[in-house]
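In this text, residue positions in the sequence shown follow UniProt numbering: the first is 1, and each later residue adds one.
Beta carbons are placed, not taken as given, at the ideal position from N, Cα and C, and that holds for glycine.
These figures come from a predicted structure and were not determined experimentally.
Take a look at the structure set out below.
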Amino acid sequence: MNVDPLQTEPPTTGKIKLRTSMGDVTIALWSKEAPLACRNIVQLALEGYYEDQIFHRILPGFIVQTGDPTGTGRGGSSIFESEDNPEGEFKDEHHHRLKMTKRGLVAMANAGRPHSNESQFFITLGPTPELQGRHTIFGKVEGPGIYTILSISEVELEDKEVGRPRHPPKLLGIDVIQNPFDDIVPRIT
Numbered sequence: 001m002n003v004d005p006l007q008t009e010p011p012t013t014g015k016i017k018l019r020t021s022m023g024d025v026t027i028a029l030w031s032k033e034a035p036l037a038c039r040n041i042v043q044l045a046l047e048g049y050y051e052d053q054i055f056h057r058i059l060p061g062f063i064v065q066t067g068d069p070t071g072t073g074r075g076g077s078s079i080f081e082s083e084d085n086p087e088g089e090f091k092d093e094h095h096h097r098l099k100m101t102k103r104g105l106v107a108m109a110n111a112g113r114p115h116s117n118e119s120q121f122f123i124t125l126g127p128t129p130e131l132q133g134r135h136t137i138f139g140k141v142e143g144p145g146i147y148t149i150l151s152i153s154e155v156e157l158e159d160k161e162v163g164r165p166r167h168p169p170k171l172l173g174i175d176v177i178q179n180p181f182d183d184i185v186p187r188i189t
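Given below as structure tokens:
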């Protein structure tokens, strides 16, 4: 059987673990294909940024979303904040071998416009071709953690239209299992 190399996913380099109130989720990172997104997530994780957040948006069969410390879906920041870039938004990174074709893909959420990535991210619950080219895919769920994500997607919703959960599952923190960047260490603030 011949496999077209352009149709296969590239190898991952790096690994993080989401600690949630419903179980752990291991995510393999595409740090070579999405270095800005991965660098941002890893740096923020090392600094404890993702501790005690909620899954604020849950759209069954579509996505679960987290990474906003305000829990509203309108907050967030990044390691790229500066005087010239006070919002900290960073550019999209699309790779021709990373496609929104299955559940368990991890991608940057944005403000509905290109290059508006910060700290929020989502995990797909199935194929989402309508999101292709609109969000940076930076990782994929590995192993049994997908069942944790599916459990999160099944919680009762307070507002089904916006996906607001009645009792939001928590993101307790993110552990960096394999840091793909030798130069990243927690910043002293």
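Between the options, which lies nearest to residue i when the distance is taken from Cα to Cα?
i	options	result
Ile16	Thr26, Pro10, Pro144 and Glu9	Thr26
Ile48	Phe55, Lys102, Asp175 and Asp183	The residue asked about is misnamed: residue 48 is Gly in this sequence, not Ile. Ranking the options by Cα distance to Gly48, first place goes to Asp175.
Ile152	Asp24, Cys38, Thr136 and Glu161	Asp24
Ile137	Glu93, Gly61 and His56	Glu93
Pro60	Gly73, Gln178, Arg103 and Gly14	Arg103
Val41	Phe62, Pro168 and Gly14	Note that residue 41 is Ile in the sequence shown, not Val. Ranking the options by Cα distance to Ile41, first place goes to Gly14.
Thr8	Pro35, Thr101, Ile146 and Ala107	Thr101
Gly143	Asn179, Cys38, Phe62 and Leu105	Leu105
Output yes or no for whether 8 Å exceeds the beta carbon distance between residue i and residue j.
i	j	result
Glu118	Ser78	yes
Gln132	Lys99	yes
Pro165	Glu154	no
Asn76	Gln120	It is Gly, not Asn, that sits at residue 76 in the sequence shown. Yes; because the gap between Cβ atoms is below 8 Å, this pair is in contact.
Leu171	Thr66	yes
His56	Pro168	yes
Pro10	Arg97	yes
Lys91	Leu36	yes
Leu125	Ile184	no
Thr148	Thr70	no
Roughly how many angstroms lie between the CA atoms of residue i and residue j, to the nearest whole one?
i	j	result
Ser116	Asn110	5 Å
Asp182	Lys160	42 Å
Pro129	Phe122	15 Å
Pro86	Ser31	24 Å
Leu29	Leu18	13 Å
Arg74	Asp68	7 Å
Pro186	Glu81	15 Å
Ile58	Ala107	15 Å
Gln178	Glu89	25 Å
Thr12	Met22	25 Å
Cys38	Lys140	12 Å
Pro114	His95	15 Å
Glu83	Gln43	19 Å
Thr72	Pro180	30 Å
Pro33	Gly112	According to the sequence shown, residue 33 is Glu rather than Pro. Approximately 22 Å, taken between the alpha carbons.
residue 194	Val162	Residue 194 is absent from the model: the chain starts at 1 and stops at 189.
*Along the chain, which unbroken stretches of the alpha helix (DSSP H) at least 4 residues long are found entirely within the UniProt domain "PPIase cyclophilin-type" (20-176)?*
35-46 and 145-152
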